[in-house]
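Residue numbers (this note's numbering): 609 to 899.
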């Protein structure tokens with residue numbers, strides 16, 4: 609069971625920005641003025657600087673503080689239960705991800721057949737362009753407003769976690785389990801049936817992958833090869849189709865339809881329908897009444 613984000617990200621002040629929860633942890637995009645922070649990490653944490661940080665000061669696990677200048681794309685990893693002190697003298701933006709230890713161990717088992725793992729300490733100022741690319745994709749969701757595209761964010765969190773394991777942990781030298789091709793017919797039917805039966809619920813990539821008998825990263829590739837779109841694109845299309853059907857065939861309130869179809873609220877449904885269907889629930893219902 610996933611720990612609440614309030615627990616996993618308890619070391620990050622709520623006023624720094626909104627947070628989201630995924631099947632393997634949570635994340636937040638922080639925008640802060642010059643400040644400092646000190647905490648014992650309640651989970652594995654990964655921070656990606658989205659803006660340069662000149663003259664930063666850090667002290668992982670009680671010890672001498674190090675002053676450094678970090679460009680955008682710098683990755684910092686704080687293992688679970690580690691102590692950290694950090695101070696910065698300029699405004700900064702970064703993405704902070706909290707990765708639940710038990711979930712990350714399970715992911716390591718699925719991807720690398722190795723559940724025991726440790727993260728290696730990175731030198732201050734190390735830049736990782738691929739990690740920055742993934743972080744920017746997550747940042748884009750925050751910029752769009754309160755994160756609500758759960759399948760998409762969960763996919764990004766899965767990909768990011770797998771990337772960290774492969775490049776910054778003790779399992780990085782173990783070959784990942786190989787899988788070629790798309791989903792089997794049975795796997796596709798099982799996944800499709802599950803999505804339809806739980807369309808209004810949070811659909812985690814790990815759960816869908818388990819139905820297909822694949823690791824999360826292999827499931828993401830196999831799904832797209834089979835369906836021609838990613839899981840979050842498929843789920844969004846299915847939710848919009850259901851919402852449209854309910855809008856034009858029932859008198860259920862639009863807020864209730866949004867909930868039934870798996871949208872965060874009426875506004876989320878309206879924004880998604882406007883973007884992908886070039887209409888709105890209100891317009892569809894008015895057109896039906898006018899007939």
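By construction, the Cβ of each residue, glycine as well, lies at the ideal position given by its N, Cα and C atoms.
| said: At 4 residues or longer, what runs of the alpha helix (DSSP H) sit wholly inside the region 671 to 715? | reply: none
| query | Out of curiosity, what's the CA-to-CA distance linking residue 887 and residue 745? | reply | Taking the chain shown and counting its residues from 1, the one referred to as residue 887 is at position 279. Taking the chain shown and counting its residues from 1, the one referred to as residue 745 is at position 137. About 26 Å.
| Per DSSP, residue 661 is paired with what? | Looking up residue 661 in the chain shown gives position 53. Answer by DSSP bridge pairing, in chain order: 678.
| query | Between the Cα of residue 774 and the Cα atoms of 828, 721, 875 and 872, which residue gives the shortest distance? | reply | Translated into the one-based positions of the chain shown, residue 774 becomes position 166. Taking only the C-alpha atoms, the option nearest residue 774 is 721.
| query | Between the beta-carbon of residue 742 and the beta-carbon of residue 764, is there less than 8 Å? | reply | Counted from its first residue, the chain shown places residue 742 at position 134. Counted from its first residue, the chain shown places residue 764 at position 156. With respect to the 8 Å criterion, residue 742 and residue 764 are classified as neighbours on the basis of their beta carbons.
| What are the start and end residues of the beta strand (DSSP E) that includes residue 639? | On the chain shown, residue 639 is found 31 positions in, with the first residue counted as 1. Segment 633 to 640, the beta strand (DSSP E) holding residue 639.
| request: Leaving aside the five residues before and after residue 695 along the sequence, list all residues of the same chain whose C-beta is less than 6 Å from its C-beta, in chain order. | output: On the chain shown, position 87 is the one that residue 695 refers to. 644 and 665, listed in sequence order.
| Given a threshold of 16 other Cβ atoms within 10 Å of its Cβ, counted over all protein chains shown, does residue 684 qualify as buried or as exposed? | Along the chain shown, read from residue 1 onward, the residue named residue 684 stands at position 76. Classification of residue 684: buried, given that the 10 Å Cβ count is 16 or more.
| message | Assuming residue 705 and residue 635 are in contact, meaning their beta carbons sit under 8 Å apart, how far apart are those beta carbons, in whole angstroms? | response | Taking the first residue of the chain shown as 1, we reach residue 705 at position 97. Taking the first residue of the chain shown as 1, we reach residue 635 at position 27. Sure, about 4 Å apart at Cβ, within 8 Å.
| request: Mark residue 762 as exposed unless 16 or more other C-beta atoms lie within 10 angstroms of its C-beta, in which case mark it buried. | output: Numbered from 1 along the chain shown, position 154 holds the residue referred to as residue 762. Burial of residue 762 is indicated by the presence of at least 16 other C-beta atoms within 10 angstroms of its C-beta.
| request: Pick out whichever of 862, 818 and 622 has its Cα sitting closest to the Cα of residue 714. | output: To locate residue 714, count along the chain shown from 1; it is residue 106. It is 818.
| From residue 867 to residue 848, what does the alpha carbon distance come to, in whole angstroms? | One-based indexing of the chain shown puts residue 867 at position 259. One-based indexing of the chain shown puts residue 848 at position 240. Computed Cα separation, rounded: 12 Å.
| query | So residue 647 is in the beta strand (DSSP E); what residue range does that whole segment cover? | reply | For this step, residue 647 is matched to residue 39 along the chain shown. Counting along the chain, the beta strand (DSSP E) containing residue 647 begins and ends at 643 to 648.
| residue 860 burial status per 10 Å Cβ neighbour count (16 or more: buried) | On the chain shown, position 252 is the one that residue 860 refers to. Looking at its Cβ environment, which holds fewer than 16 other Cβ atoms inside 10 Å, residue 860 is exposed.
| query | What is the rounded straight-line gap between the Cα of residue 794 and the Cα of residue 800? | reply | The sequence position of residue 794 within the chain shown is 186, counting from 1. The sequence position of residue 800 within the chain shown is 192, counting from 1. Distance between residue 794 and residue 800, taken at the CA atoms: about 10 Å.
| How many angstroms separate the CA atom of residue 896 from the CA atom of residue 851? | Taking the chain shown and counting its residues from 1, one reaches residue 896 at position 288. Taking the chain shown and counting its residues from 1, one reaches residue 851 at position 243. Taking the straight line from one Cα to the other gives about 14 Å.
| task | Might you give, ordered along the chain, the residues of its own chain that have their beta carbon closer than 6 Å to the beta carbon of residue 609, omitting 5 neighbours on each side? | result | Within the chain shown, numbered from 1, the residue matching residue 609 stands at position 1. Residue placement at residue 609 is flagged as unreliable, the pLDDT there being 34, under the threshold of 50; the coordinate-derived value follows with that caveat. Excluding positions up to five away in sequence, the list is empty.
| query | Looking only at C-alpha atoms, which of 692, 769 and 842 sits nearest to residue 804? | reply | Taking the first residue of the chain shown as position 1, residue 804 is located at position 196. The candidate whose alpha carbon is nearest that of residue 804 is 842.
| task | Assign residue 637 to one of two classes, buried (16 or more other C-beta atoms within 10 Å of its C-beta) or exposed (fewer than that). | result | Within the chain shown, residue 637 is the residue found at index 29, counting from 1. Under this definition residue 637 is a buried residue.
| message | Can you give me the C-alpha to C-alpha distance between residue 880 and residue 656, rounded to a whole angstrom? | response | For the purposes of this step, residue 880 is identified with residue 272 of the chain shown, where counting begins at 1. For the purposes of this step, residue 656 is identified with residue 48 of the chain shown, where counting begins at 1. If you take the alpha carbons of residue 880 and residue 656, they lie about 29 Å apart.
| said: So for residue 848, helix, strand or coil by DSSP? | reply: Here residue 848 refers to the residue found at position 240 when the chain shown is read from its first residue. Here residue 848 sits in helix by DSSP.
| Classification of residue 675 by the beta-carbon crowding that lies within 10 angstroms, buried from 16 upward | In the chain shown, residue 675 corresponds to position 67, counting from 1. By the 10 Å Cβ count, residue 675 comes out exposed.
| said: How far does the alpha helix (DSSP H) with residue 835 in it extend, from its first residue to its last? | reply: Here the question's residue 835 lines up with position 227 in the chain shown. Start and end: 824 to 835.
| Cβ neighbours of residue 680 in the same chain (closer than 7 Å, five flanking residues each side left out) | Here residue 680 corresponds to residue number 72 of the chain shown, with the count starting at 1. Counting only Cβ-Cβ distances below 7 Å, and skipping sequence neighbours, we find 657, 658, 659, 660 and 740.
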